[in-house]
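These notes are about the structure you will find just below.
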Amino acid sequence: MQFIATLKHLFIPHHTNNQKAKLLHSSSLIALSLLLLLFQFGLKLGSGVMPQILGYAANISVEEVVRLTNEKRAENGLSPLSMNQQLVSGATAKGADMLARDYWAHVAPDGTQPWKFFTDAGYKYRYAGENLARDFTNAGSAVEAWMASPSHRENLLSSKYSEIGIAVVEGDLAGADTTVIVQFFGTKQGVATGVQTASAKTAVAEAPAPEVKPVLQYEKTAGDLTAVTARISPFSLFKGVSMGIVELLIVLVIADALYVSIKGVSRVAGRSFAHLSFMGMILAILLILKSGQIL
1 MQFIATLKHL FIPHHTNNQK AKLLHSSSLI ALSLLLLLFQ FGLKLGSGVM PQILGYAANI
61 SVEEVVRLTN EKRAENGLSP LSMNQQLVSG ATAKGADMLA RDYWAHVAPD GTQPWKFFTD
121 AGYKYRYAGE NLARDFTNAG SAVEAWMASP SHRENLLSSK YSEIGIAVVE GDLAGADTTV
181 IVQFFGTKQG VATGVQTASA KTAVAEAPAP EVKPVLQYEK TAGDLTAVTA RISPFSLFKG
241 VSMGIVELLI VLVIADALYV SIKGVSRVAG RSFAHLSFMG MILAILLILK SGQIL
């Protein structure tokens, strides 16, 4: 009986909660907000302490990234890119370097340019480019994110490139288990003598400059990784819990408004429409939120 009484107190307008579900009281809403913040902090902490459980484990294959990339190029009247093992080796080395030295950037902390990974792998380029991605759950969402970014899109759809190399590497980045995708583009033609960097784009001097563009971040074991042990995405978990709470509150506000209308309850402060609008806005934001970053 005590359990049922508690449920009534929390969810149903009743004399014990001043004819308004306890969860809709200001004190309860503040408490829920604080709990969500603590939950988010706990997930962030947990992803570092228990990476085997909490992390951005993704089912991403190198072949799928290449296929989707060529699909986008075909849609735009461009020829497909062929896989080059030297570019794969270079991309793998770049991904491993980012994880080993804990940085998320085109240029390493010591100033090492992305082009070094091309030449170290034996790839003598005329044009070269790089895209990075991290924390995406599948190849499709990563490629779509690149396509939505003007600079990444330009890199992906450049007619200057004829070859591609992909690495999907997994490891710890900034204290969190992460999946990183490294996408190298290139065209061979002798040895390029220099590279100039300009934020999102990098051009090579002499032989037509290689172009570098933001790279979507993703994490996975280097090489032709096709699948990873299932894990719980902290982002997806937090988003799901948050949406569940907001949806519950929306239902309670609607039920409360109906109760007030049917029972003719008089309240000093009753703003059901304003509350619904605010919660609806929060729900809309949660719905459009997506995991993953591009650089």
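One point on numbering: in UniProt numbering, the residue at position 259 of the sequence shown is 259, and numbering is uninterrupted. Note that CB positions come from ideal geometry on N, CA and C, so glycine has one too. Source: prediction; values computed, not measured.
request  = Give a yes or no on whether the C-beta atoms belonging to Val180 and Leu132 are separated by under 8 Å.
outcome  = yes
task = Would you identify the three-state DSSP class for Phe136, choosing helix, strand or coil?
result = coil
query = Is it buried or exposed for Leu7, if we count other Cβ within 10 angstroms and need 16 for buried?
reply = Leu7 is exposed by the Cβ-count criterion.
ask   = To which residues of the same chain is Thr16 closer than 6 Å at the C-beta, ignoring the five residues directly before and after it?
value = The answer, listed in chain order, is His9.
task = Report yes if the CB atom of Ala93 is closer than 8 Å to the CB atom of Phe117, and no otherwise.
result = yes
query = For Val168, which beta-bridge partners are listed by DSSP?
reply = Ile181
task = Work out the CA separation of Asp110 and Pro80 for me, nearest whole Å.
result = 35 Å
ask   = When we look at the beta-carbon of Arg86 and count the other beta-carbons within 10 Å, is it buried (16 or more) or exposed?
value = Looking at the sequence provided, one finds Gln at residue 86 rather than Arg. By the neighbour-count criterion, in which a residue is buried when 16 or more other Cβ atoms sit within 10 angstroms of its Cβ, Gln86 is buried.
inquiry  = I'd like the span of the alpha helix (DSSP H) that includes Gly90, first residue to last.
reply    = 85 to 101
request  = Specify the secondary structure class of Thr187 as computed by DSSP and reduced to three states.
outcome  = strand
inquiry  = To the nearest angstrom, how far is the alpha carbon of Leu36 from that of Asp177?
reply    = For Leu36 and Asp177, the distance between alpha carbons rounds to 21 Å.
query = By a C-beta neighbour count over all protein chains shown, 10 Å radius and 16 as the cutoff for buried, is Leu34 buried or exposed?
reply = exposed
request  = Return the first residue and the last residue of the alpha helix (DSSP H) that Asn155 is part of.
outcome  = 150 to 156
task = Run the CB neighbour count on Glu247, radius 10 Å, all protein chains shown included, and call it buried at 16 or more, exposed below.
result = exposed
query = Exposed or buried, what is Gln183 when buried is set at 16 or more other beta-carbons lying within 10 Å of its beta-carbon?
reply = buried
ask   = Terminal residues of the continuous alpha helix (DSSP H) containing Lys72?
value = 62 to 75
query = If Phe185 sits next to Asn155, beta carbons under 8 Å apart, how far is it from one beta carbon to the other, in whole angstroms?
reply = 7 Å
C-beta contact flag for Val88 and Gly165 at 8 Å = Yes. Within cutoff.
key: Cβ neighbour criterion (16 or more within 10 Å) applied to Met281   = exposed
ask   = Relative to the C-alpha of Ala174, which residue among Ser26, Met98, Gly240 is closest?
value = Met98
query = Between Ala21 and Leu295, is the Cβ-Cβ spacing less than 8 Å?
reply = no
query = So, Asp120 versus Gly90, is the Cβ gap smaller than 8 Å?
reply = Cβ distance < 8 Å, so Asp120 and Gly90 count as in contact.
inquiry  = For Asn131, list the residues DSSP reports as bridge partners.
reply    = Gln183
key: Selection from Pro13, Tyr125, Gln189, Ser27 that minimises the alpha carbon distance to Ala255   = Pro13
Complete alpha helix (DSSP H) runs within the stretch 3 to 50 (minimum length 4 residues, chain order) = 26 to 49
message = For Ala257 and Ile250, I'd like the C-alpha separation in whole angstroms.
response = 11 Å
task = Return yes when the Cβ of Ile245 is within less than 8 Å of the Cβ of Leu32, no when it is not.
result = Result yes, Cβ atoms of Leu32 and Ile245 sit closer than 8 Å.
query = Nearest CA to the CA of Tyr125: which residue from Glu144, Asn84, Lys72?
reply = Asn84
task = Report back the beta-carbon spacing between Gly292 and Arg134 to the nearest angstrom; my notes put them in contact at under 8 Å.
result = 7 Å
query = Looking at Tyr127 and Thr187, is the spacing between their C-beta atoms short of 8 Å?
reply = Taking 8 Å as the Cβ cut-off, Thr187 and Tyr127 qualify as a contacting pair.
key: Reduced DSSP category for Ser159 - H, G, I as helix; E, B as strand; rest coil   = coil
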